[in-house]
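**Student:**
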Amino acid sequence: MEPKYVLILDFTIGSLNIIELTDDELKASEEYEDFSDFLSTLEDKYGFRLSNSQWMTTETLSIYHYKDGKEVGDAELV
9 MEPKYVLILD FTIGSLNIIE LTDDELKASE EYEDFSDFLS TLEDKYGFRL
59 SNSQWMTTET LSIYHYKDGK EVGDAELV
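According to the numbering used here, the residues represented by the sequence shown are 9 to 86, in order.
1. Sort GLU51, THR68 and LEU69 by Cα distance to SER61 and report the nearest one.
2. List the DSSP bridge partners of GLU18.
3. In whole angstroms, what separates the C-alpha of LEU17 from that of ALA36?
4. Look at the Cβ atom of ASN25, then the Cβ atom of PHE46, and state whether they are nearer than 7 Å.
5. Does GLU79 come out as helix, strand or coil in the three-state DSSP assignment?
6. Would you identify the three-state DSSP class for TYR72, choosing helix, strand or coil?
7. Let me check understanding here. Comparing Cα to Cα, which of SER70, LYS78, THR65 and TYR54 lies closest to ASP42?
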């Protein structure tokens, strides 16, 4: 699986950052043995801190939003 997306959950401010990695970033990530070392190079660019976060990668991304047990559309996310 190639990590095309990085999802970063910042538990200090309650935010979810979704980063779609560029081709250059994907290529640069291959130079690191540990992906978290690569992510630390992106902290300033995308405004997150790994020390305050949990993260995961995925090849594809689907987003679902629920309220009161029912799925709601993206327009209601704000």
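Here a beta-carbon is modelled for each residue, glycine too, at the ideal position from N, C-alpha and C. Note that the structure is predicted; figures quoted are calculated from it, not measured.
**Tutor:** Short version:
1. GLU51
2. Here residue 18 turns out to be Asp, not Glu, going by the sequence shown. Looking at the DSSP assignment, ASP18 forms a beta bridge with SER23 and SER61.
3. 23 Å
4. no
5. strand
6. coil
7. THR65
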